[in-house]
Structures are given as C-alpha cells and as structure tokens.
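Some notes on the structure that comes next.
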Amino acid sequence: MQTLGEFKLPHFFNYPPYFTLQPVKDTRERQIQLWKELILEYCWTHKIFVVGLDEDFPLFSNQVIESENYSCVFVS
C-alpha cells in the first residue's frame, strides 16, 4: 500500500482513471465522493483547514502512475 508519510493511501489512488473526470454520471459521482472522502481524511489527519487549488497539494499528483497536478478536475 502506498503512503504519503504515515498516511495510507487507498488502493484506487494508483488507478489512472481516478485522476480523470469520468464521463458517466454515476461513475463521476462515485469518483467525486471518493475524492471528497480522501481529501477530508488527509486534511483531518494533518490538521489542514484550507486547501488552495493553486498550491502543490500532495494528493493532486501521483508519481507511481506519473500523474501531475490534477486539481483542475475539481473545478469542473
């Protein structure tokens, strides 16, 4: 299991479609729910209260699958 420091990332974090906004409504809604849960848990664990989309937030990239800053997905 991949980690960010001591924070354990879920298995789907290494699944490339997780970093691409999904076109099917039900799939996209589930994807967004997974992102919300992950971000909230990470922020709660690290006592982060504000996340800017323009900053280098660790969850917005994944070197294992060579993804780069996908914060733009959240603006959609």
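Taking the numbering used here, the leading residue of the sequence shown gets 1272, the next gets one more, and so forth.
Cβ coordinates follow ideal geometry from the N, Cα and C atoms, glycine included.
By DSSP's assignment, LYS1279 forms a beta bridge with THR1274.
The C-beta separation of PHE1283 from LEU1305 comes to about 7 Å, placing the pair in contact by the 8 Å criterion. Rounded to whole angstroms, the separation of the alpha carbons of ASP1297 and ASN1333 is 24 Å. DSSP, reduced to helix, strand and coil, places LYS1318 outside both helices and strands of the structure shown, so it counts as coil.
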